[in-house]
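**Q** First the structure, then my questions, so here it is.
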Amino acid sequence: MKKSRLIGLLCASSILTPVLVWAQAAAPPAAPAATSFTAALTGGKAHGDIRYRYEYVDQTGILNTANANTIRTRLSYQTEKFKGFSGLVEFENITSLNNKNYNDTINGRTTYATVADPEDTLVNRAFIEYSGIPKTTITLGRQGIAFDNQRFVGGSAWRQNDVTFDAFVVKNQAIPNVALTYAYANQVNRIFGTRSVQGTWHDTNIHLLNFGYAKPSFGKLSVYGYMLDLPQALALSTSTIGARYEITKPLGQGVTGGFAVELARQSDYASNPANYSVNYFAIEPVLNCGQWQFKALYESIEGDGTRAFQFPLGTNHVFDGLVDKFLTTPNRGLIDMSISARYSVRSTNPFFNNLKATFAYHDFSAQNGNMDYGTEWNLHIEQTIKTHYSFGVKIGSYNAGGLFTDTYKFMPYIGFKF
């Protein structure tokens, strides 16, 4: 780590010092988990995670379909706590069984449809955590960061290599029903991996602040400010200020209903060469009836014809369709009107119990001007058995309007954790 980066992280930590001192005085100290440093190191736990996925992509205008077979393996070790300190290190490998049959973004196979899972071996996470201050955790190092529904900050866990941050993070819950998180990150480790020129955003100056208040009778309110200074992606250097509120209430026997609503405003920040401000609005009512869940969504992402509201750190795969046509918002913005239905199986057979099947339909159009972007339907079936085994399939079919081209994806997967 460069000296300037370390200084930046240490300076960021000083911002939270008054809060941490107050939190320490507000609650009694916790008992240590290990009696010695050696015991903490040797008494930790190892974890593993293996996921195989086949991804088929048929895209009009691309000569060859993609047939990607990839295996992701993760091995991690987490120490016990000693005097409030603990540590974790995690290694990751992504192996392709046939990397000549798809464009992985760095293999030069540009006549094939893209599946952004290049081969790589890397340190995925490596951090030290301190929890000696009651109701507070402090984490320094390479780690995942996610807020709320991950629309703005998340891990993009669908890709074989997820997003991590070299960061300093403080989480405080000293006030009842309140969660306050501050993060400073000087590097973003992206899904494209260490071998790609787009795989790492170096020397970033990212400040993330999220305030959450949650109570069953009230719901959950999040207020946030995300300031991104990205020297290697100047057009994405932005300041985003917003709020999200969600609540669910019982409506009758076996029936609950609620909604989520979110508003945000994004402006140019730091060395962004543009001068603009755009808005984001989403409202999502939900109805739960026994084993069924029904949702509707209206999402408006503003674009002025030159610039649009973007989500450079968001888990964008789970928004605006599984085919991933709108990972980057078009300059004229985006309106996504969608409906979905999910069914959860209840069975005495553990193979089927809690299996979930979700169907969704999207209608896309420009937020600025009258332009049809097309429609998309999705099907996602997933099952987890005893937390260790999981399998599923995602299917998406995008039918183009005045933007992009028809695309079909078929993506079965299976995973094992130990």
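FYI, in our numbering the residues of the sequence shown are 9 to 426. Virtual Cβ for every residue (Gly too), placed ideally from N, Cα, C. Since this is a predicted model, take the numbers as computed values, not measurements.
Would you kindly report the start and end of the unbroken alpha helix (DSSP H) that includes Leu5?
**A** The chain is shown from 9 up to 426; residue 5 falls before or after that span and cannot be answered.
**Q** Quick one: which unbroken beta strand (DSSP E) runs of 3-plus residues sit fully inside the segment 178 to 248? Chain order, please.
**A** With a minimum length of 3 residues, the continuous beta strand (DSSP E) runs that stay inside the segment 178 to 248 are 186 to 197, 213 to 223 and 227 to 237.
**Q** Pick out whichever of Phe219, Ser346 and Gly152 has its Cα sitting closest to the Cα of Glu307.
**A** That would be Ser346, whose Cα lies nearest to the Cα of Glu307.
**Q** Taking 8 Å as the threshold (C-beta atoms), are Asn218 and Phe155 in contact?
**A** Going by C-beta atoms, Phe155 is nearer than 8 Å to Asn218.
**Q** Buried or exposed for Leu216, going by 16 or more other Cβ atoms inside 10 Å?
**A** Buried, since its Cβ has 16 or more Cβ neighbours within 10 Å.
**Q** Taking Gln181 as the reference, which of Gly162, Glu127, Ser139 and Val123 has the closest Cα?
**A** It is Ser139.
**Q** What is the DSSP secondary structure of His55, counted as helix, strand or coil?
**A** Residue state, collapsed to three classes: strand.
**Q** When you compare only the Cα positions, how much space is there between Gly92 and Gly322?
**A** Straight-line Cα distance between these residues: approximately 31 Å.
**Q** Is Ala31 buried or exposed, if buried means 16 or more other CB atoms sit within 10 Å of its CB?
**A** Bear in mind that the predicted position of Ala31 carries a pLDDT of just 40, short of 50, making it too unreliable to give a figure here.
**Q** Which residues in the same chain have their Cβ closer than 7 Å to the Cβ of Val427, if we skip the five residues on either side of it in sequence?
**A** Absent from the model: residue 427. The displayed extent of the chain is 9 to 426, so no value can be given.
**Q** Which residue or residues does DSSP assign as beta-bridge partners of Ser463?
**A** Outside the shown range of the chain (9 to 426) lies residue 463, about which nothing can therefore be said.
**Q** Taking the beta strand (DSSP E) that Phe424 falls in, what are its first and last residues?
**A** Taken as a continuous stretch (DSSP letters only), the beta strand (DSSP E) holding Phe424 covers Thr415 to Lys425.
**Q** Expressed to the nearest angstrom, what Euclidean distance is found between the alpha-carbon atoms of Arg252 and Ile389?
**A** Their Cα atoms are separated by approximately 28 Å.
**Q** Where in the segment 254 to 305 do unbroken runs of the beta strand (DSSP E), each at least 3 residues long, occur, reported from the N-terminal end onward?
**A** DSSP runs (the beta strand (DSSP E)) wholly in the segment 254 to 305: 263 to 276 and 285 to 297.
**Q** Can you grab the Cα-Cα spacing for the pair Lys89 / Asn115, in whole Å?
**A** Their Cα atoms are separated by approximately 43 Å.
**Q** Please report the residue range of the beta strand (DSSP E) in which Trp385 lies.
**A** Start and end: Asp380 to Ile393.
**Q** Taking its Cβ as the centre, do 16 or more other Cβ atoms sit within 10 Å of Leu71, making it buried, or is it exposed?
**A** Burial call: exposed.
**Q** Can you list, in chain order, the residues of its chain with a C-beta nearer than 6 Å to that of Phe426? Leave out the 5 residues immediately preceding and following it.
**A** Contacts found: Gly56.
**Q** On the criterion of 16 or more Cβ atoms from any shown chain inside 10 Å, does Asn283 qualify as buried, or is it exposed?
**A** Answer is exposed; the Cβ neighbour count stays below 16.
**Q** Check this for me: beta carbons of Asn109 and Tyr120, under 8 Å apart or not?
**A** In this structure, Tyr120 lies closer than 8 Å to Asn109 by Cβ.
**Q** Might you give, ordered along the chain, the residues of its own chain that have their beta carbon closer than 7 Å to the beta carbon of Tyr234, omitting 5 neighbours on each side?
**A** Phe160, Val161, Leu216 and Thr248, listed in sequence order.
**Q** Distance, Cα to Cα, Leu14 vs Gly410?
**A** For Leu14, the pLDDT reaches just 43, beneath the cut-off of 50, and the residue's location in the model is therefore unreliable, although a value from the coordinates is still provided. Spanning the two alpha carbons is a distance of roughly 48 Å.
**Q** How many angstroms separate the CA atom of Leu363 from the CA atom of Gly298?
**A** Rounded to the nearest angstrom, the two C-alpha atoms are 14 Å apart.
**Q** Using only alpha-carbon positions, find the residue among Thr413, Arg61 and Ser94 that is nearest to Ala41.
**A** Looking at the Cα atoms, Ser94 is the closest of the given residues.
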